[in-house]
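Asks:
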Amino acid sequence: MPELPEVESFRRYLDKTSLNKTIQKVDVKNPEILQNVDKRVLKDKLEKHKIQCTKRHGKYLFAHLDSNYWLILHFGMTGKLVYFKNNDETPYYYRILITFNDESNLAFDDPRKFGKISLTAEMDDFIEEKKLGPDVYDIDFKTFKNILTSRRGAVKILLMNQHILAGIGNIYSDEILYQACIHPKTPVNTIDHQKIKEMYKIMKNVLQTVLNRQINHRKLPESFLIPHRIKNGRCPRSDTRLKTIKISGRTAYYCPLCQKSKFQ
Ligand SMILES: [Zn+2]
Numbered sequence: 003m004p005e006l007p008e009v010e011s012f013r014r015y016l017d018k019t020s021l022n023k024t025i026q027k028v029d030v031k032n033p034e035i036l037q038n039v040d041k042r043v044l045k046d047k048l049e050k051h052k053i054q055c056t057k058r059h060g061k062y063l064f065a066h067l068d069s070n071y072w073l074i075l076h077f078g079m080t081g082k083l084v085y086f087k088n089n090d091e092t093p094y095y096y097r098i099l100i101t102f103n104d105e106s107n108l109a110f111d112d113p114r115k116f117g118k119i120s121l122t123a124e125m126d127d128f129i130e131e132k133k134l135g136p137d138v139y140d141i142d143f144k145t146f147k148n149i150l151t152s153r154r155g156a157v158k159i160l161l162m163n164q165h166i167l168a169g170i171g172n173i174y175s176d177e178i179l180y181q182a183c184i185h186p187k188t189p190v191n192t193i194d195h196q197k198i199k200e201m202y203k204i205m206k207n208v209l210q211t212v213l214n215r216q217i218n219h220r221k222l223p224e225s226f227l228i229p230h231r232i233k234n235g236r237c238p239r240s241d242t243r244l245k246t247i248k249i250s251g252r253t254a255y256y257c258p259l260c261q262k263s264k265f266q
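Read in this note's numbering, the sequence shown has 243 at position 241, and its numbers run on one by one without any break.
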């Protein structure tokens, strides 16, 4: 599922391929993925317009059009952007296809169809409406600390809660907690100042490292959990077999030796 680094890479990809080109046609193959906007309005605000710039907040990508609207993309489980020039490269599971007047195309490709597309006049209104927390790529330490120390509940749930911190999902919360040697079920209010500081630094480093490696998990350092986050995977630090637990319906991976639970 695309989390902050993946969505950030889609944003950079869109910037590289599709800025400042006049949109000739928008083909909405699956109108059911549109949220709070109908097909006709979406086409009207996009066609004959250009994407001028992009932004990202958490797992949402915002593309600003010269019609003064923002196109908003959420990639759900399997969404991605595919830019292509030849029609025979059209991805099979495209949900929306934007054709530019130079005949190149940008497709929102999404096999599982959990992605969402919407439109807004004000990006901040949308963020407020969705009640998104601060973006974790931009967040400063003080804000991060204040959020963590004012909450209760399992740290893993908190890290994945988009209303509290926007951008992290199941995979990167596992990585951050693994590197910080924190059991995923640790009550957040029991984590001390020093550990929160460490978590903050690790979080920034994990996101940046993944981005620097072009989101290619196979290129991540061996010391990361992600390359070992598989069935029968072993901890790269202690060689202990990794364990899984269900937290909020998601499967968390952790090392029972390095991330000892103090509360069981
Ligand atoms: Zn370990």
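By construction, the Cβ of each residue, glycine as well, lies at the ideal position given by its N, Cα and C atoms. The model shown is predicted, which means the values in this text are computed figures rather than measured ones.
#1: Taking the alpha-carbon of Lys2 as reference, which of Leu108, Lys233, Gln261, Arg236 has the nearest alpha-carbon?
#2: Under a three-way DSSP split, which group does Gln1 fall into?
#3: Under the three-state reduction of DSSP, which class applies to Asp137: helix, strand or coil?
#4: Is there at least one non-hydrogen atom of ligand 1 closer than 8 Å to the beta-carbon of Cys55?
#5: Are three or more beta carbon pairs between the segment 150-159 and the segment 204-219 nearer than 8 Å?
#6: For Leu179, which of Tyr256, Pro189, Glu10, Ile74 has the nearest alpha-carbon?
#7: Is the beta carbon of Asp112 closer than 9 Å to that of Phe64?
#8: For Leu179, which of helix, strand or coil comes out of DSSP?
#9: Which of the three DSSP states is assigned to His185 in this structure?
#10: Please work out which residues of its chain come closer than 8 Å, Cβ to Cβ, to Tyr49, disregarding the five sequence neighbours upstream and downstream, and give them in chain order.
#11: Gln261: beta carbon under 8 Å from a heavy atom of ligand 1?
#12: For the putative contact between Arg97 and Lys31, defined by C-beta atoms under 8 Å, what is the C-beta separation to the nearest angstrom?
#13: Could you name the residues of the same chain whose beta carbon sits closer than 8 Å to that of Pro186, not counting the 5 residues immediately before and after it, in chain order?
#14: Could you check the C-alpha separation between Asn89 and Phe110 for me, to the nearest Å?
#15: Roughly how many angstroms separate the alpha carbons of Ser225 and Lys199, rounded to a whole number?
#16: One question on the structure: do Arg154 and Ile166 come within less than 9 Å of each other, judged by their Cβ atoms?
#17: Identify every residue that forms a DSSP beta bridge with Arg236.
#18: Say yes only if the C-beta of Ser225 is nearer than 8 Å to one or more non-hydrogen atoms of ligand 1, and no if none qualify.
#19: Take Ile173 and list the residues in its own chain whose beta-carbon comes closer than 8 Å to its own, dropping the five residues that flank it on each side.
Replies: On the basis of the supplied data:
#1: Outside the displayed span of the chain (3 to 266) sits residue 2, for which this structure offers no information.
#2: Here the chain covers residues 3 to 266 and nothing more, so residue 1 does not appear.
#3: As a working note, residue 137 is residue 135 in the sequence shown. Here Asp137 sits in strand by DSSP.
#4: The count along the sequence shown starts at 1 and reaches residue 55 at position 53. Outside the cutoff, so no.
#5: no
#6: Numbered from its first residue, the sequence shown carries residue 179 at position 177. Checking every option, the nearest Cα to that of Leu179 belongs to Tyr256.
#7: Counting from one through the sequence shown, the residue named residue 64 turns up at place 62. Counting from one through the sequence shown, the residue named residue 112 turns up at place 110. Their beta carbons are not under 9 Å apart, which means Phe64 does not touch Asp112 by this criterion.
#8: To locate residue 179, count along the sequence shown from 1; it is residue 177. Three-state DSSP puts Leu179 in a helix.
#9: If you number the sequence shown from 1, residue 185 lands on position 183. Note: His185 maps to coil in three-state DSSP.
#10: In the sequence shown, residue 49 corresponds to position 47, counting from 1. Per the sequence shown, residue 49 should be read as Glu rather than Tyr. Ile25, Gln26, Lys27, Val28.
#11: Reading the sequence shown from its first residue, position 259 is the one you call residue 261. Yes, the Cβ of Gln261 comes within 8 Å of a heavy atom of ligand 1.
#12: In the sequence shown, counting from the first residue as 1, residue 97 sits at position 95. In the sequence shown, counting from the first residue as 1, residue 31 sits at position 29. Indeed they touch by this definition, with Cβ atoms about 6 Å apart.
#13: As a working note, residue 186 is residue 184 in the sequence shown. Counting only Cβ-Cβ distances below 8 Å, and skipping sequence neighbours, we find Ala156, Val157, Lys158, Ser175, Asp176, Leu179, Ile247, Ile249, Ala254, Tyr256, Gln261.
#14: Within the sequence shown, the letter at position 87 stands for residue 89. Within the sequence shown, the letter at position 108 stands for residue 110. Going from the Cα of Asn89 to the Cα of Phe110 covers about 15 Å.
#15: Working through the sequence shown from its first residue, we reach residue 225 at position 223. Working through the sequence shown from its first residue, we reach residue 199 at position 197. About 20 Å.
#16: In the sequence shown, counting from the first residue as 1, residue 154 sits at position 152. In the sequence shown, counting from the first residue as 1, residue 166 sits at position 164. Their beta carbons are not under 9 Å apart, which means Arg154 does not touch Ile166 by this criterion.
#17: On the sequence shown, residue 236 is found 234 positions in, with the first residue counted as 1. In the DSSP output, where bridge partners are listed per residue, Arg236 has Arg243.
#18: The count along the sequence shown starts at 1 and reaches residue 225 at position 223. Outside the cutoff, so no.
#19: Start at 1 with the first residue of the sequence shown, and residue 173 comes out as number 171. Closer than 8 Å at Cβ, skipping near neighbours: Met3, Glu5, Ile228, Arg231.
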